[in-house]
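Peer 1:
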Amino acid sequence: MKLPLSFVLIVTSSLSAKDEVDFNTQIKSLLSNRCIACHGPDEENREAGLRLDTFEGATRDLDGYSAIIAGDAEESEVMFRVTLDDDDEELMPPKGKGQRLSDEEIALFTEWINQGAKYDKHWSYKTPSRLIVPDAVHPVDYFIDAKLKNENLNFSQAADSKTLARRVSLDLIGLPPTLEELHTFLSDESTNAYENYVDQLLLRPEFGEHWARMWLDLARYADSAGYADDRARTIWAFRDYVIKAFNENLPFDQFTIEQLAGDLLPKPSEQQLIATAFHRNTQTNNEGGTNDEEFRNVAVVDRVNTTFATWMGTTMACAQCHTHKYDPITHEEYFQAFDILNQTQDADKRDESPVISIFSDQQKKQRKQLEAEINQLEKSLKFPYGNEELAQKLAAWEKGMGTTRWEILKPTQAKSQSGATLTLSDDGSVLASGEKKATDEYKFTFQSSLKTVAGLRVELLTDESLTQGGPSRNHNLVLNEIILNSIELPNLGHGVKKGQFVRIELDGKDRILHVAEVQVFVGDKNVALTGKATQSTTGYGGVAKLAIDGNTDGDFQKSKSVTHNANGDADAWWEVDLGEERSLNKLAVWNRTDSGLHSRLDGFRLQVLSSDRHVVWEKKFPKAPKRDLLVSLDGSEVGQFVKASASYEQARFEAFKAIDGNMKQDSGWAIAGGHGRDHYGVFTLKRPIAGGELTVRLIQNYPNHAIGKVRLSVTDELNPAPAIPDHVKNILKVVSTDRSEKQNQELMSFFIQHGTEGKRINERIATLRKKLNSIKPYSTVPVLKQVVPANERETFIHLRGSYLNHGPKVKANFPSALAPPLPRVTKPNRLDLAKWIMNKDNPLTARVSANRFWEKIFGIGLVSTSEEFGSQGELPSHPKLLDWLATEFIRMEWDMKAFIKLLVTSRTYQQSSHVSDDMAARDPANRLLARGPRVRLSAEMVRDQALAVSGLLSKKMFGPPVRPPQPDMGIKAAFGGGIDWKTSKGEDRFRRGIYTNWRRSNPYPSMATFDAPNREVCTVRRGTTNTPLQALVTMNDPVYVEAAQSLARTMAKSSNLLAEQISNGFKICLSRDPQKSELDRLVSLFHQVKKRYDKDVGLAKKMATDPIGPAPKDLNLVDLAALTVTGNVLLNLDEMMMKR
Amino acid sequence: MNPALEQIQLNTRRHFLRNCGVGLGSGALAQMLSPDAFGLKAPGNPLLPRKSHFSSKAKRVIYIHLTGSPPHLDLWDYKPELVKRTDQECPDEFIKGKKFAFTSGTPKLMGTPRKFSQHGKSGMWMSDAIPHLHKHADDLCVIKSMHTDQFNHAPAELFVHTGFSQPGRPSFGAWTTYGLGSENQDLPGYVVLISSGTQPNGGKNSFSAGFIPSVYQGVQCRSKGDPVLYVSNPPGMDRKLRRASLDALRDLNQKAAEDFAHPETLTRIAQYELAYRMQASVPDVMDISKESKETLESYGAEVGGASLGNNCLLARRLAEKGVRFVQLFDWGWDFHGTNPKEDIRDGLTKKCATMDKPIAALIKDLKERGLFDETLIIIGGEFGRTPFREGRTSKGSVLGRDHFPDCYSMVMAGGGVKGGHVHGESDELGFGVAKDPVHVHDLQATWMHLLGFDHEQLTYRFQGRDYRLTDVHGHVVKDLIA
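Set out below in structure tokens:
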């Protein structure tokens, strides 16, 4: 429904035509409503090339005539066209585009042209002017009174104290006063009793809860993400931020800046980051098949529109598709503003990223301690000097360094796979020559004198015969894998197991079985590679053959070479069929390594089965290996290396890659950059193996990177000293007192890496980190985060509003017609935008904000269209008052509480709201304010009040949203779970409405009935309807029934006399005593109802106790039931629903 | 709406007369001033019946939304050439540059496996999945040239119901009750019934009032518990006690009205009386146990059930009582072929059995009661389904189709609609509109027209802009109108 032209026209039409015609109040709306849609700023849709919104446009020469000739209405084409006959095709506005001008309007228009057709800037874009108000009078009253006098009206008498106490309490904290609060106020005899009362209310924590509500409507705050699946969204920290901001009286400019650009402030606090969730309240769409970029754009559009609606009362939405038809905002300017908001990282992602974690104060303290300790330890690793204890340990270590006893092995046999000649020297070294193939494998057999072997040293030695002196046969070598066996395999055939199938079994329900690789060795050959793999079930693409593909990498996500059975599998298994029975020497199982999921294989059984599927061998492993395990089937022992160090290693070809089980050519130890020198590596075994006869194989798979000369040694020492890198060795050569600081540090870091002390520190760090990570945030909140400069998005004009339809590229800028740009800002970001909005020279922000507070207090804004201050909005009823308030809000430095106090301490506010017959007809909307405000309570207030007066309301503040009782609908959401919820327990059932879980697609029904919006988009003003469905809520919703029951108990306990009981209940609800006729009527209701309950105590019991629970023993059930019905009536009184 | 502003609108005759050119017609607004609606001196009720811009046959709407979108090529739009080319690879020209919800690569064409035959005097082609509707061929108007902008459920559904693909705008039903009010003040003017256990894709947004007053929002009636939320008195309060308490409430409110002279108090008194009557009339209209066995059988409805059959019968009962807009949502029409229920052979036969029979019964029943001609019936989904097999399920044994926005069918009947009429054509293979395209906004404009409104004139101002169901688009399709 169109808004009525109402007030303004009534006033203007009373002016005499001889007065100076005022463009803004008299002409602008006329042009706007009848002409500007076709003859306005929008070039693309401008008819006849004529624009009537500017003087230049209107008076332009149109081939010998002009639409308007200033000073000469007679000659102005426009006057001719608006006065034609109804059926004339040239009549303006044309049929269907607006009503023809009335005689009165034509007269006004004529007069205006004759007076010179003076255009004026739209009123709200002009700087507010501030009139001087005499000291003795309250500024609000000064302006209101002036207009009343003009209309021959007067203020109403003051409202009585009780009415006023309830009114201002509802306005400031959203709740009526308790009897005690009322009593305190009424018994304060000081002259500033009212002011004291107001001050007390402003300090109450409930103040923030009440005022946050209107801000959350603007912020479109909800606890769900919107669209079809409307998943729950955790963003309540933002709601709490708003409540705190109001309670702490954060100045409005700071409040604004934090929400729009808290992240761009220097060293933003946690609260400032949380504030930016203001613009993360946009909906995200994650229905299958939707395009994230499309909905990211939708979100940015929403942010532009919400920003301008909230702070500047400007409808930007029109300019999204084309240049605004009425206001000076071009299509390009829209996207310049869009560009400012287009540079945040969020992108319609399901996980709402970016989010920040929020920790409780205690958690924060704990985290800080842990982080500090970790820091300290890490620092000690990097800069060990200064740590006396460590330095001593280093010295001791240095002394004993290199004392490991190595037994040089002299091969009894040496064989090259490629056919190279391997020549043995007396010193135990072996030199390769002759045949050269791309890849090679050297296999040595030794006889060691040691009983056990715990480590292997590999020396790569230079020799003149080699290219550039070796130790490579060419220019570099790569040792891909070292395999050490305690016994030469073919000699030990007796232990070999014969089998065709190798199988892994995992007993029990819901077990997840994954393996990275299973190797089955016949001799040294992995025959699983040519087998056929199967498994019980397959899930997540982890097919069985991935375990025989030669890739041992256990990272499920990255390598995509790990098997996976389906969820819910019982007695899962995996097996490989070798095709025929083979003599098996060894088995190796490589586990999944990522995400700590190796333990899923705990308790697995490894089996060898004969061709007729008879179990030949089996072993159970209560604990699964973290990476791999090797099992000997032939009695031989296999060395499992765990640690590697080298005197020299090429970047990305470190020594540990020679023992990582990966024989691929890129996974090995190499020495580029070190050719021409000797090197050695030390490899430590996990567990010692038997000495005696040993075989060692050196796998070299990198084409033409074979070893030239090598010598092997073994030791039985459990922790052989690591190989000392060349640079460390050089340092060690220097006498310790002569070493430089840098040398000392390098030495120390080597020590820490390889010595036990370093290990201890590293383990300690790991433990601390684990502890740190185990502190789970108590909540998270999505925030705005600027993209890094390299990822800045380009913004194009969206033709016809479609994000795919690119027009010219645009750069961030302010829509300059609305407010002056910020000096020295060429490429504004969000922080600049926020500053521009809050700039004292911005004529809109202060007016719009002042008007909003006015609207919340008086029920209707001075500009009734509080969302629209452009030409399509209404003119202010009291322009001078609005300007004064706007300038005052700035002068107060945006002190919100002070501003609210200013309004409620006016005489205007404190008038009685009684409506005289005369005024009902003359000023039904109370725009002149000859009486006090009378407005229906908001949805939250209706509910909060019922809980408050019945004594049920919880005072608990903040935290996750709560789920008070609501009826089950018994249906599901599309592609989502049930829409019914599990009712919160304890006091969470009785929290204030602001804490109720706000699900956009299924809003809390009783509040939705009272016009609470779904909050999909910014809501500047709520509707207030008056419907039978609302009556059903307050009559029958169990929440209200429970409230009536609780109220009845309070009444019953308050006195022994029925009339007093009811009177007390009445007073609790309405903050006043009932009149006699009112009390009589309630008492008679009580008796009437009681008669019925006397006859049916069962019915009475239900009324008194369902759902609140058993009645106290000393109270009579029938009385209580009748009082509950009485209470139900009290809670439904018109006066309860209204602030009056 | 601001209460004070609303008050003006309800109270100042001058306002209505002055603004008769905008929004609603002056006649309609004058009716809102009906001085004695409840035997009380109450200001008008926003749901009182109002006249539309011009006279029209359709007085009410029953909109049967088949949530998920039925495969129109297996129900209404017979494509013999597509049948011939079944299993051929889909020609590149039809899929190049297009995005489908669950299909990538080159899918295979799939003609309908169903049998089509011609029915009625009009010789309308209809599939064997909807045998009961065959008899009503001459009552139906099938649009075979529908197209929409959206290919995901929620946006597409919001688009057809609210004219916009994102949540937050008023639904067609809200616009209708805003424009026409309702004929029975003892029942909600806009009732929503949901079957097959799941809400529509857009949730309550698909029947929301958006930013227009919440009094125009769809009221969901339930099959279990209170048919309308909170319509039942609490345990321990019977109807007599409620009456007694409401009498007291009225007396006290009446006194307040005298003391404070605020006109809204009178409105509130009236709303409580209305609520009291609703407490009786809602359960009564929702109680189908009094219907004859034959009637129940013809709809396939069961007392205590929650099927589409039940809801079609309830729709008739509500229409009969003067409810302006009855919106049915039936879940389970998303025939991708991911399980046997979504197979366009047996699965579709079974699903259609729950729809075909009740809708046929509804048409017959409305005719017998003389309501058919003044009730606009709309049947359809939020888009169509592809002429090719859905990509994900193309290797299985179940036949299904993907979402398809470019060309699909919608069906209308009753209230001023041309019966036995087919409008528009799809091309040979069903990939595009061949003749007389009808965009969703055109369809909406036509609906408004059928109800007597100029869709460009029924507007509501919100945040500085005049909004309407058809956004800034839409042309009335005259050919659909009888």
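If you read the sequences in order, they're chains P and G. Going left to right, the first sequence walks through residues 1 to 1140 as the numbering used here numbers them. Going left to right, the second sequence walks through residues 1141 to 1622 as the numbering used here numbers them. Note that beta-carbon positions come from the ideal geometry of N, C-alpha and C, so glycine has one too.
Quick one, are the C-beta atoms of Leu937(P) and Lys1139(P) less than 8 Å apart?
Peer 2: Position 937 of the first sequence holds residue 937(P). Position 1139 of the first sequence holds residue 1139(P). Yes; because the gap between Cβ atoms is below 8 Å, this pair is in contact.
Peer 1: Given a threshold of 16 other Cβ atoms within 10 Å of its Cβ, counted over all protein chains shown, does Lys897(P) qualify as buried or as exposed?
Peer 2: Working through the first sequence from its first residue, we reach residue 897(P) at position 897. With 16 or more Cβ atoms within 10 Å of its Cβ, Lys897(P) is classed as buried.
Peer 1: What's the call for Gly708(P), buried or exposed, on a 16-neighbour Cβ count within 10 Å?
Peer 2: For this step, residue 708(P) is matched to residue 708 along the first sequence. Gly708(P) comes out buried.
Peer 1: Closer than 8 Å between beta carbons: that is the criterion. Which residues of the segment 1326-1347 of chain G meet it against chain P?
Peer 2: Answer set for the segment 1326-1347 of chain G: Pro1328, Ile1334, Gly1337, Thr1338, Gln1339, Pro1340, Asn1341, Gly1342, Gly1343, Lys1344 and Asn1345.
Peer 1: I want to verify the contact list: residues of chain P whose CB lies under 8 Å from the CB of Val1371(G), in sequence order.
Peer 2: As a position in the second sequence, residue 1371(G) is number 231, starting the count at 1. Those within 8 Å of Val1371(G) in chain P are Leu1032 and Asn1036.
Peer 1: Kindly indicate if chain P contains any beta-carbon less than 8 Å away from that of His1259(G).
Peer 2: If you number the second sequence from 1, residue 1259(G) lands on position 119. No, His1259(G) does not count as interfacial toward chain P.
Peer 1: Would you mind reading off the limits of the beta strand (DSSP E) that contains Met1136(P)?
Peer 2: Translated into positions along the first sequence, residue 1136(P) becomes position 1136. Not the beta strand (DSSP E): Met1136(P) falls in the alpha helix (DSSP H), residues Asp1134 to Met1137.
Peer 1: Can you find a CB in chain G that lies within less than 8 Å of the CB of Val304(P)?
Peer 2: Walking along the first sequence from the start, residue 304(P) turns up at place 304. No, its Cβ sits nowhere closer than 8 Å to a Cβ of chain G.
Peer 1: Please tell me whether Leu818(P) and Ala850(P) are closer than 8 Å, where the distance is taken between their beta carbons.
Peer 2: To locate residue 818(P), count along the first sequence from 1; it is residue 818. To locate residue 850(P), count along the first sequence from 1; it is residue 850. Not in contact: Leu818(P) and Ala850(P) (Cβ atoms no closer than 8 Å).
Peer 1: Whole angstroms are fine: how far does the CA of Gly635(P) sit from the CA of Leu492(P)?
Peer 2: As a first step, residue 492(P) must be located in the first sequence, where it is residue number 492. As a first step, residue 635(P) must be located in the first sequence, where it is residue number 635. Here Leu492(P) scores only 44 on pLDDT, less than 50, and its place in the model should not be relied on; the value that follows carries that caveat. Near 8 Å, if we compare the C-alpha coordinates of Gly635(P) and Leu492(P).
Peer 1: In this structure, how does DSSP classify Gly986(P) when only helix, strand and coil are distinguished?
Peer 2: Your numbering for residue 986(P) matches position 986 in the first sequence. Here Gly986(P) sits in helix by DSSP.
Peer 1: Using a cut-off of 7 Å between C-beta atoms, extract the partners of Val1355(G) located in chain P.
Peer 2: For the purposes of this step, residue 1355(G) is taken as the residue at position 215 of the second sequence. The contacting residues are Thr1025 and Thr1027.
Peer 1: So what does Tyr1600(G) bridge to, in DSSP terms?
Peer 2: In the second sequence, residue 1600(G) corresponds to position 460, counting from 1. In the DSSP output, where bridge partners are listed per residue, Tyr1600(G) has Tyr1607(G).
Peer 1: Let's see if you can read the secondary structure: which residues bound the alpha helix (DSSP H) around Leu1070(P)?
Peer 2: Mapped onto the first sequence, residue 1070(P) falls at position 1070. From DSSP, the alpha helix (DSSP H) with Leu1070(P) extends over Leu1058 to Leu1070.
Peer 1: What residue range does the beta strand (DSSP E) around Ser1335(G) cover?
Peer 2: Taking the first residue of the second sequence as 1, we reach residue 1335(G) at position 195. Run containing Ser1335(G): Tyr1330 to Ser1335, per the beta strand (DSSP E) assignment.
Peer 1: Please state whether DSSP places Val714(P) in a helix, a strand or coil.
Peer 2: If you number the first sequence from 1, residue 714(P) lands on position 714. DSSP places Val714(P) in strand when its eight states are reduced to three.
Peer 1: Asn591(P) lies in the beta strand (DSSP E); which residues open and close that run?
Peer 2: In the first sequence, residue 591(P) corresponds to position 591, counting from 1. Where Asn591(P) is concerned, the enclosing beta strand (DSSP E) stretches over Lys586 to Asn591.
Peer 1: Identify every run of the alpha helix (DSSP H) within the segment 615-680 of chain P, keeping only runs that are complete inside it and at least 4 residues long; order them along the chain.
Peer 2: Complete alpha helix (DSSP H) runs here, min 4: none at all.
Peer 1: Should Arg1408(G) be flagged as near chain P, meaning a C-beta pair shorter than 8 Å?
Peer 2: As a first step, residue 1408(G) must be located in the second sequence, where it is residue number 268. Yes, because at least one Cβ of chain P sits closer than 8 Å to the Cβ of Arg1408(G).
Peer 1: Would you mind stating whether Thr314(P) and Asp302(P) have Cβ atoms separated by less than 8 Å?
Peer 2: Start at 1 with the first residue of the first sequence, and residue 314(P) comes out as number 314. Start at 1 with the first residue of the first sequence, and residue 302(P) comes out as number 302. No; because the gap between Cβ atoms is not below 8 Å, this pair is not in contact.
Peer 1: Reducing DSSP to helix, strand and coil, say where Leu1617(G) ends up.
Peer 2: Counting from 1 along the second sequence, the entry for residue 1617(G) is found at position 477. The residue asked about is misnamed: residue 1617(G) is Val in this sequence, not Leu. The answer is coil: DSSP assigns Val1617(G) none of H, G, I, E or B.
Peer 1: Straight-line CA distance for Ser1537(G) to Ala1585(G)?
Peer 2: Counting from one through the second sequence, the residue named residue 1537(G) turns up at place 397. Counting from one through the second sequence, the residue named residue 1585(G) turns up at place 445. For Ser1537(G) and Ala1585(G), the distance between alpha carbons rounds to 42 Å.
Peer 1: With a threshold of 8 Å between beta-carbons, can Arg1608(G) be considered close to chain P, or not?
Peer 2: Within the second sequence, the letter at position 468 stands for residue 1608(G). Taking Cβ atoms only, chain P never reaches closer than 8 Å to Arg1608(G), which makes this a no.
Peer 1: With a 10 Å radius around its C-beta and 16 neighbouring C-beta atoms as the bar for buried, classify Thr307(P) as buried or exposed.
Peer 2: Your numbering for residue 307(P) matches position 307 in the first sequence. It is buried - the Cβ of Thr307(P) has at least 16 other Cβ atoms within 10 Å.
Peer 1: Could you check the C-alpha separation between Ala1198(G) and Ile36(P) for me, to the nearest Å?
Peer 2: Position 58 of the second sequence holds residue 1198(G). Position 36 of the first sequence holds residue 36(P). Distance between the alpha carbons of Ala1198(G) and Ile36(P): 36 Å.
Peer 1: Measuring only the C-alpha atoms, how far is Val1425(G) from Val1331(G)?
Peer 2: Walking along the second sequence from the start, residue 1425(G) turns up at place 285. Walking along the second sequence from the start, residue 1331(G) turns up at place 191. Roughly 12 Å separates the two Cα atoms.
Peer 1: Of all the options Ser645(P), Ser632(P), His614(P) and Val589(P), which has the alpha carbon lying nearest to the alpha carbon of Lys623(P)?
Peer 2: Translated into the one-based positions of the first sequence, residue 623(P) becomes position 623. For Lys623(P), the nearest C-alpha among the options comes from Val589(P).
Peer 1: Going by beta-carbon coordinates alone, are Leu1333(G) and Ala1455(G) separated by less than 8 Å?
Peer 2: Translated into the one-based positions of the second sequence, residue 1333(G) becomes position 193. Translated into the one-based positions of the second sequence, residue 1455(G) becomes position 315. In contact: Leu1333(G) and Ala1455(G) (Cβ atoms closer than 8 Å).
Peer 1: If you reduce the DSSP assignment to three classes, tell me which class Asn1014(P) lands in.
Peer 2: Stepping through the first sequence from its first residue, residue 1014(P) is reached at position 1014. Coil at Asn1014(P), not helix or strand.
Peer 1: Report the neighbours of Leu1133(P) on chain G: residues whose CB is nearer than 8 Å to its CB, in chain order.
Peer 2: Residue numbering aside, residue 1133(P) sits at position 1133 when the first sequence is read from its first letter. By Cβ distance, chain G contributes Leu1389, Leu1392, Asn1393 and Ala1396.
Peer 1: At a CB-CB cut-off below 8 Å, which residues of chain P make contact with Asn1450(G)?
Peer 2: In the second sequence, the residue the question calls residue 1450(G) occupies position 310. Within chain P, no residue comes near Asn1450(G); the closest Cβ sits about 14 Å away, beyond 8 Å.
Peer 1: Following the continuous alpha helix (DSSP H) through Ser1077(P), name the residue where it begins and the one where it ends.
Peer 2: For the purposes of this step, residue 1077(P) is taken as residue 1077 along the first sequence, with counting starting at 1. Start and end: Lys1076 to Lys1095.
Peer 1: Are Ala347(P) and Asp292(P) touching if we call contact CB-CB under 8 Å?
Peer 2: Counted from its first residue, the first sequence places residue 347(P) at position 347. Counted from its first residue, the first sequence places residue 292(P) at position 292. Contact: yes.
Peer 1: What first and last residue would you give for the alpha helix (DSSP H) that runs through Cys1452(G)?
Peer 2: For the purposes of this step, residue 1452(G) is identified with residue 312 of the second sequence, where counting begins at 1. That run of the alpha helix (DSSP H) goes Leu1448 to Glu1460.
Peer 1: Taking CB distances under 8 Å as the criterion, tell me whether Leu1082(P) reaches chain G.
Peer 2: For the purposes of this step, residue 1082(P) is taken as the residue at position 1082 of the first sequence. Judged by the 8 Å Cβ criterion, Leu1082(P) is in contact with chain G.
Peer 1: Look up Tyr125(P) in the DSSP assignment and say whether it is helix, strand or coil.
Peer 2: Here residue 125(P) refers to the residue found at position 125 of the first sequence. DSSP places Tyr125(P) in helix when its eight states are reduced to three.
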